[in-house]
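2 protein chains.
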Amino acid sequence: MSRPSGRKQDNHKIDWHLPTISSSASAHHMSRELFVLTYGALVAQLCKDYEKDEDVNTCLDRMGYDIGIRLIEDFLARSAVKKCRSYSETAEMIAQVAFKMYLGVTPSVSCCSAAGNEFSLILDQNPLVDFVEELPAERASLCYCNLLCGVIRGALEMVHLAAEVTFLQDKLKGDAVTEIGIIFLKKTEEKKHKRNK
Amino acid sequence: MSRPSGRKQDNHKIDWHLPTISSSASAHHMSRELFVLTYGALVAQLCKDYEKDEDVNTCLDRMGYDIGIRLIEDFLARSAVKKCRSYSETAEMIAQVAFKMYLGVTPSVSCCSAAGNEFSLILDQNPLVDFVEELPAERASLCYCNLLCGVIRGALEMVHLAAEVTFLQDKLKGDAVTEIGIIFLKKTEEKKHKRNK
Numbered sequence: 000m001s002r003p004s005g006r007k008q009d010n011h012k013i014d015w016h017l018p019t020i021s022s023s024a025s026a027h028h029m030s031r032e033l034f035v036l037t038y039g040a041l042v043a044q045l046c047k048d049y050e051k052d053e054d055v056n057t058c059l060d061r062m063g064y065d066i067g068i069r070l071i072e073d074f075l076a077r078s079a080v081k082k083c084r085s086y087s088e089t090a091e092m093i094a095q096v097a098f099k100m101y102l103g104v105t106p107s108v109s110c111c112s113a114a115g116n117e118f119s120l121i122l123d124q125n126p127l128v129d130f131v132e133e134l135p136a137e138r139a140s141l142c143y144c145n146l147l148c149g150v151i152r153g154a155l156e157m158v159h160l161a162a163e164v165t166f167l168q169d170k171l172k173g174d175a176v177t178e179i180g181i182i183f184l185k186k187t188e189e190k191k192h193k194r195n196k
Numbered sequence: 000m001s002r003p004s005g006r007k008q009d010n011h012k013i014d015w016h017l018p019t020i021s022s023s024a025s026a027h028h029m030s031r032e033l034f035v036l037t038y039g040a041l042v043a044q045l046c047k048d049y050e051k052d053e054d055v056n057t058c059l060d061r062m063g064y065d066i067g068i069r070l071i072e073d074f075l076a077r078s079a080v081k082k083c084r085s086y087s088e089t090a091e092m093i094a095q096v097a098f099k100m101y102l103g104v105t106p107s108v109s110c111c112s113a114a115g116n117e118f119s120l121i122l123d124q125n126p127l128v129d130f131v132e133e134l135p136a137e138r139a140s141l142c143y144c145n146l147l148c149g150v151i152r153g154a155l156e157m158v159h160l161a162a163e164v165t166f167l168q169d170k171l172k173g174d175a176v177t178e179i180g181i182i183f184l185k186k187t188e189e190k191k192h193k194r195n196k
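Protein chains in written order, with numbering that gives the first Met the number 0: chain A, 0 to 196; chain B, 0 to 196.
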């Protein structure tokens with residue numbers, strides 16, 4: 000069964016088999032409840048596997064990283080976004096395009112450093128915890144959604160942006176909102192400025 | 000933040016906290032690639048945890064069951080489907096409404112027994128394996144998507160339909176299509192016929 004792949008972008012060299020791109024964007028859509036419950040099963044399994052919350056968090060982040068480095072190709076192919084010219088534009092792209100596409104929500108973005116390299120994504124709603132009442136008492140340090148941090152970190156790395164991504168606030172831990180912090184580090188490559196020179 | 004819950008149906012008594020129902024159905028939509036990759040991470044983790052394929056399969060089925068008994072409430076609330084009056088109608092509902100809603104694909108359905116209680120869902124495309132090249136040689140007996148069988152089994156049980164759900168064919172194992180077999184067993188309750196008597 001051959002399907003059109005005309006929307007594939009070739010300007011990002013990633014050694015990964017691109018998923019087949021459907022001719023209809025809606026063919027890729029699903030309700031997120033199955034995802035949310037499956038994610039819950041994954042976290043529960045890791046909590047069985049690892050006694051320490053920190054180990055679960057690390058594992059979720061690592062899994063997310065592996066997902067991010069693969070998901071970026073799908074994102075670039077289907078979003079057809081242009082290259083971002085600033086950290087600020089990149090942060091907005093993550094919030095308004097990527098979160099919308101993959102989680103169906105749009106966090107708000109704020110810049111938190113004079114240097115312009117630290118951003119917060121604020122989620123009023125976090126669909127990933129829709130079915131979670133609260134964290135068990137013995138899992139107080141669990142970053143339940145830590146996979147997301149890894150996904151963002153992995154995806155950014157594939158477009159040559161090194162970043163630290165962590166949860167700064169979490170409604171599951173009693174905070175008013177859920178906040179993901181992104182700190183852009185020194186660029187691993189300076190490809191981005193080539194065009195302007 | 001209060002949101003309308005007018006689409007909730009009350010005719011199914013399930014002791015489970017219903018997820019908040021958004022006023023816009025599209026608010027629940029996401030691209031499925033993140034789900035597909037996260038599911039892959041879950042299977043990979045279970046393959047680390049269990050040496051035998053059979054144990055991974057059992058675990059995926061059990062996880063799916065736990066998901067199905069929760070997902071059914073969301074399904075009934077958002078699909079607003081009527082009660083099915085036959086096994087055949089139920090099988091069509093699973094294929095045309097549930098699969099479409101939660102995976103974005105619609106399997107074809109065929110009845111495979113004179114008694115009218117055995118059905119096959121045939122998937123030409125299986126989005127869950129989009130990123131999977133092939134099963135590793137040492138995992139030849141793995142039912143990679145076995146979670147789906149558990150989800151269907153769990154969801155059916157919550158509407159008082161006992162069923163055996165298994166993979167009969169799997170493209171990942173070289174079969175021409177992916178086929179999920181559903182055998183409806185004796186009903187656990189006969190509520191269904193109340194209205195007609």
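Positions of the beta carbon are idealized from the N, C-alpha and C atoms, including for glycine.
- Considering only beta carbons, the part of the region 25-43 of chain A lying closer than 9 Å to chain B consists of Ser25, Ala26, His27, His28, Met29, Ser30, Arg31, Glu32, Leu33, Phe34, Val35, Leu36, Thr37, Tyr38, Gly39, Ala40, Leu41, Ala43, in chain order.
- Going by beta carbons, B:Tyr143 and A:Ser30 fall outside the 8 Å limit.
- Closer than 8 Å to the CB of A:Gly103 there is at least one CB belonging to chain B.
- Within the same chain, and ignoring the five residues on either side of B:Glu32 in sequence, no residue has its Cβ closer than 6 Å to its Cβ.
- In the structure shown, the three-state DSSP call for A:Ser109 is strand.
- A:Val42 counts as buried, since at least 16 other C-beta atoms from the protein chains shown sit within 10 angstroms of its C-beta.
- For B:His159, the number of other beta carbons within 10 angstroms of its own is below 16, and it is reported as exposed.
- Ranked by Cα distance from A:Glu137, the first of A:Val55, A:Ile71, A:Lys82, A:Leu59 is A:Val55.
- Note on the region 131-178 of chain A: whole beta strand (DSSP E) runs with a minimum of 3 residues are 162-168, in chain order.
- B:Met29 has A:Met29 as its beta-bridge partners, per DSSP.
- Spanning the alpha carbons of A:Thr177 and A:Leu120 requires a straight line of approximately 8 Å.
- In the three-state scheme derived from DSSP, where H, G and I count as helix and E and B as strand, A:Ser85 is classed as coil.
- In its chain, beyond the 5 residues on either side, Val108 have a beta carbon closer than 6 Å to the beta carbon of A:Glu91.
- For A:Met100, the chain B residues whose C-beta falls within less than 8 Å of its own C-beta are Met29, Ser30, listed in chain order.
- With contacts defined as CB atoms closer than 8 Å, A:Ile151 and A:Ile182 fail to qualify as a contacting pair.
- Residues of the region 130-157 of chain B with a C-beta less than 9 Å from any C-beta of chain A: Phe130, Glu132, Leu146, Val150, listed in chain order.
- The region 122-136 of chain A and the region 46-65 of chain B do not touch, with fewer than 3 CB-CB distances between them shorter than 8 Å.
- In the three-state reduction of the DSSP assignment, A:Leu41 falls in the helix class, which pools H, G and I.
- The straight-line gap separating the alpha-carbon atoms of A:Ala162 and B:Thr105 is approximately 40 Å.
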